[in-house]
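Novice: Have a look at this one before I ask anything.
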Amino acid sequence: MTVGEDQAVALPVFADVDTGVDDAMALVYLLASPDADLVGIASTGGNVAVDQVCRNNLGLLELCRTGSIPVSRGADQPLSAAMRTAEDTHGPAGLGYAELPVHTRELTDYDSAEAWVRAAHALPGELVGLVTGPLTNLALAVRDEPNLPSLLRRLVIMGGSFDYRGNTTPVAEWNISVDPEAAAEVFDAWGRAADAKTIQPHQLPIVCGLNLTENVALTPAILSRLAGASETATTAMSVLDSRGTRSTADNTLIRALEDAMRFYFEFHFDQGEGFLAHLHDPLAAAVALDPGLVQTRATTVDVEITGTLTRGMTIADWSRRWDREPNAHVGVGVDPAEFFDRFIERVAPFARRLKADI
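The numbering of the sequence shown is UniProt numbering, which starts it at 1 and goes up by one.
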């Protein structure tokens, strides 16, 4: 099944992120997309602690010279587990070697759970929700507003791994493994809404798991394509470069992206995956704007929260053995070349405009 629809106007998008290198790339994709109106950003701890996520989100908006987009601070701990972060993957501040500009932007005076509810009530039936970090904020929002599933136009989640290995444990993906209880609550909430017929099939979450996102591998060659399309003078990145070599790009956005991605490349290389990086979160952002970018299957998804070896594992009931209504569309196919074409077509002109405005 392919979930898709034509878009004529900009879609309001609310993004819940744990920024992170690939979350930053996802936010840049949304800011660069004429069919997206980023109406709010929720910060959650995950890749780095929540206060650093907040700093990254505010600094990234300054780098991209956006208007006043509300950024809220989310929960600093999972619902019941101890907090874990991933500085080894994303760098001490979450954005690899990138440095963000000084600014005077401030957070909202309300938290991220309330931000979800406010945005959904302000744009009932229109708002597109995107989660590229742990699902803690969204779970808390649904506790506060049980009707949230029916208020969203759609929800896209980067999380899980379906008939595929994990990247945190042998079976668990990072975002889900940080807060399995929150993920279980979210899938249960949408499942109950499906059972009650208060949502339509297109309102079920579209879940972009590792089985989908690890097909989307960014390489130095693709980064060079982005720089070239951005009319940016820079030095091509190589696995032979000294660790931490800084970008020479004469465009501030491209320089930040290259500095962030170099750390990410180095991490993947050290993991034996090659000098590349999987763009999990940017793919989910692209799907939020155009679900037709991926192929999906409707199924019932649940999360293991008690297993000694399997905690955080996402299970899809492809055979309907649970006899429950589908609560998700799980991504099963993507064309990476099409995604990268879209990424460059959007981000390159955006980077050129930012440079021209200096």
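Every residue, glycine too, gets a C-beta built ideally from N, C-alpha and C.
Closer than 8 angstroms is the cut-off here; do at least three beta carbon pairs connect the stretch 124-137 with the stretch 16-29?
Specialist: The answer is yes - the stretch 16-29 touches the stretch 124-137, with three or more Cβ pairs under 8 angstroms.
Novice: By DSSP, does residue 45 sit in helix, in strand, or in coil?
Specialist: Along the sequence shown, one-based indexing puts residue 45 at 45. Here residue 45 sits in coil by DSSP.
Novice: Please determine, among 242, 348, 126, the residue with the shortest C-alpha to C-alpha distance to residue 9.
Specialist: Within the sequence shown, numbered from 1, the residue matching residue 9 stands at position 9. When each option's Cα is compared against that of residue 9, the closest is 126.
Novice: Return the Cβ separation of residue 347 and residue 28 in integer angstroms, given the expectation that the two are a contact with Cβ distance under 8 angstroms.
Specialist: Here residue 347 is taken as the residue at index 347 of the sequence shown, counted from 1. Here residue 28 is taken as the residue at index 28 of the sequence shown, counted from 1. 6 angstroms between Cβ atoms; contact.
Novice: Counting along the chain, where does the alpha helix (DSSP H) carrying residue 54 start and finish?
Specialist: As a first step, residue 54 is located in the sequence shown; it is residue number 54 there, counting from the start. Unbroken alpha helix (DSSP H) run through residue 54: 50-63.
Novice: Start and end of the beta strand (DSSP E) containing residue 206?
Specialist: Residue numbering aside, residue 206 sits at position 206 when the sequence shown is read from its first letter. Segment 206-208, the beta strand (DSSP E) holding residue 206.
Novice: Is the distance from the Cβ of residue 149 to the Cβ of residue 190 below 7 angstroms?
Specialist: Taking the sequence shown and counting its residues from 1, one reaches residue 149 at position 149. Taking the sequence shown and counting its residues from 1, one reaches residue 190 at position 190. A contact, by the Cβ cut-off of 7 angstroms.
Novice: Below 8 angstroms on the Cβ atoms is my contact criterion, and I expect residue 34 with residue 216 to pass it. Report the Cβ-Cβ distance as a whole number of Å.
Specialist: Reading the sequence shown from its first residue, position 34 is the one you call residue 34. Reading the sequence shown from its first residue, position 216 is the one you call residue 216. About 22 angstroms separates the two Cβ atoms, so there is no contact after all.
Novice: Pop quiz: residue 140 and residue 113 are said to be a contact at Cβ under 8 angstroms. What is the actual Cβ separation, rounded to whole angstroms?
Specialist: Taking the first residue of the sequence shown as position 1, residue 140 is located at position 140. Taking the first residue of the sequence shown as position 1, residue 113 is located at position 113. 4 angstroms between Cβ atoms; contact.
Novice: Over what stretch of residues does the alpha helix (DSSP H) that includes residue 152 continue unbroken?
Specialist: Locating residue 152 in the sequence shown gives position 152, where the first residue counts as 1. No alpha helix (DSSP H) holds residue 152; DSSP gives it neither H nor E.
Novice: Counting Cβ pairs, one atom from each stretch, are 3 or more of them under 8 angstroms apart for the stretch 178-192 and the stretch 303-312?
Specialist: Touching, per the Cβ criterion.
Novice: My understanding is that residue 59 touches residue 261, with C-beta atoms under 8 angstroms, so please give their C-beta distance in whole angstroms.
Specialist: By one-based count along the sequence shown, residue 59 stands at place 59. By one-based count along the sequence shown, residue 261 stands at place 261. With a Cβ gap of about 17 angstroms, residue 59 and residue 261 do not count as contacting.
Novice: Going by C-alpha distance, which of 82, 208, 265, 197 is nearest residue 243?
Specialist: In the sequence shown, the residue the question calls residue 243 occupies position 243. Residue 265 is the option with its Cα nearest to residue 243.
Novice: Closest to residue 227 by CA distance: which of 252, 115, 209 is it?
Specialist: Taking the first residue of the sequence shown as 1, we reach residue 227 at position 227. Taking only the C-alpha atoms, the option nearest residue 227 is 252.
Novice: According to DSSP, is residue 2 helix, strand or coil?
Specialist: Numbered from 1 along the sequence shown, position 2 holds the residue referred to as residue 2. With a pLDDT of 37 at residue 2, under the threshold of 50, the predicted position of this residue should be treated as unreliable, and no value is reported.
Novice: In angstroms with no decimal places, state the Cα-to-Cα distance between residue 219 and residue 66.
Specialist: Sequence index remark: in the sequence shown, residue 219 carries index 219 (1-based). Sequence index remark: in the sequence shown, residue 66 carries index 66 (1-based). Distance between the alpha carbons of residue 219 and residue 66 is about 28 angstroms.
Novice: How close, in whole Å, do the beta carbons of residue 294 and residue 333 come, if the pair is a contact with beta carbons under 8 angstroms?
Specialist: To locate residue 294, count along the sequence shown from 1; it is residue 294. To locate residue 333, count along the sequence shown from 1; it is residue 333. Residue 294 to residue 333, Cβ: 6 angstroms. Contact.
Novice: Can residue 21 be considered in contact with the ligand SAH, in the sense that its beta carbon sits closer than 6 angstroms to one or more heavy atoms?
Specialist: No copy of the ligand SAH appears in this structure; indeed no ligand is present at all.
Novice: Rounded to a whole number of angstroms, what is the C-alpha to C-alpha distance between residue 123 and residue 239?
Specialist: Taking the sequence shown and counting its residues from 1, the one referred to as residue 123 is at position 123. Taking the sequence shown and counting its residues from 1, the one referred to as residue 239 is at position 239. Spanning the two alpha carbons is a distance of roughly 46 angstroms.
Novice: Per DSSP, what kind of secondary structure is residue 384 in: helix, strand or coil?
Specialist: This structure cannot settle anything about residue 384, because the visible part of the chain is limited to 1 through 358.
Novice: Could you check where the alpha helix (DSSP H) with residue 262 kicks off and where it finishes?
Specialist: As a first step, residue 262 must be located in the sequence shown, where it is residue number 262. 252-270 is the extent of the alpha helix (DSSP H) around residue 262.
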